[in-house]
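Presented below is the structure to which this report refers.
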Amino acid sequence: MTEITFRVNLPLEHRGLYASCVSDEGFVDVNEFIEKLPDIKFEKMDLGSDISGVLEKTGKNTFRIIVNEKESEERQRFTAAHELGHYFLHRDFLKYGGKIEDRYILKAKNISDEKEAEANQFASAFLIPLDKVVKVMQSGKRNAESLADHFGVSIIAIANRLGIPT
Ligand SMILES: [Zn+2]
């Protein structure tokens, strides 16, 4: 049974920034959020066909998130939020110069399945604010496809967020 958390689990000091990156309609600008975090350098580049995203520790308290610009916009958004999840939840596991390289299925070699699941759960909660989903559904968009389109995420991400088995 998937646990549905109402809000994304962000440190208190970043909640104001998050709120400023969510539009009235519920679209979350993940790029803007990452760019405004002082400890993270955010880049988009061609990472080849195998790697979707990277979280790298570049200094004592500095990190870099790279997203594969060759993948779809929806995909890049989820990857960015997934790497952000690794940053908030798992960055203490990285040594200086260490990195998490997520392959296409968002699974890195040096990270457990449990931590990957945590990063995915973080990403879904980050990109799909539940209070906004409720409003959108009340306005008539009820099926997973139109909700996915509205929030700029995959149908699987919507289904996971709402606890619908896929
Ligand atoms: Zn990962």
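Read in order, the letters of the sequence shown are residues 1 to 166 in this note's numbering.
For glycine and all other residues, C-beta sits at the position ideal for the given N, C-alpha and C.
All values reported here derive from a predicted model rather than from experimental measurement.
| Could you give the C-beta distance for N57 and L94, rounded to a whole number, given that I count them as a contact under 8 angstroms? | The displayed chain sequence assigns Lys, not Asn, to residue 57. 4 angstroms between Cβ atoms; contact.
| request: Could you tell me whether any non-hydrogen atom of ligand 1 is closer than 7 angstroms to the CB of I40? | output: no
| query | What does a CB cutoff of less than 8 angstroms around F122 pick up in its chain, not counting 5 residues either side in sequence? | reply | V8, N9, A81, H82, L84, G85, F88, L89
| said: Would the stretch 103–115 count as touching the stretch 135–147 if we require 3 or more Cβ pairs under 8 angstroms? | reply: no
| task | Let me know the alpha helix (DSSP H) ranges lying completely inside the stretch 112–152, each 4 residues or longer, listed in chain order. | result | 113–127, 130–138, 144–151
| field | Helix, strand or coil at E13 according to DSSP, with G and I counted as helix | value | helix
| Whole-Å CB distance - F78 paired with V28, under 8 angstroms assumed | So it is not a contact: roughly 11 angstroms between Cβ atoms.
| field | Assigned exposure category for G53 - 16 Cβ within 10 Å defines buried | value | buried
| task | Flag D102 as yes when its Cβ comes closer than 7 angstroms to any non-hydrogen atom of ligand 1, and as no otherwise. | result | yes
| What's the gap between the Cα of S20 and the Cα of A125? | 16 angstroms
| Taking 7 angstroms as the cut-off, is the CB of I111 close to at least one heavy atom of ligand 1? | yes
| Proximity of S26 and P129 at Cβ, strictly below 8 angstroms | The sequence shown places Gly at residue 26, not Ser. A contact, by the Cβ cut-off of 8 angstroms.
| request: Give the DSSP-derived three-state secondary structure of L84 in the structure shown. | output: helix
| Helix, strand or coil: how does DSSP classify A157 here? | helix
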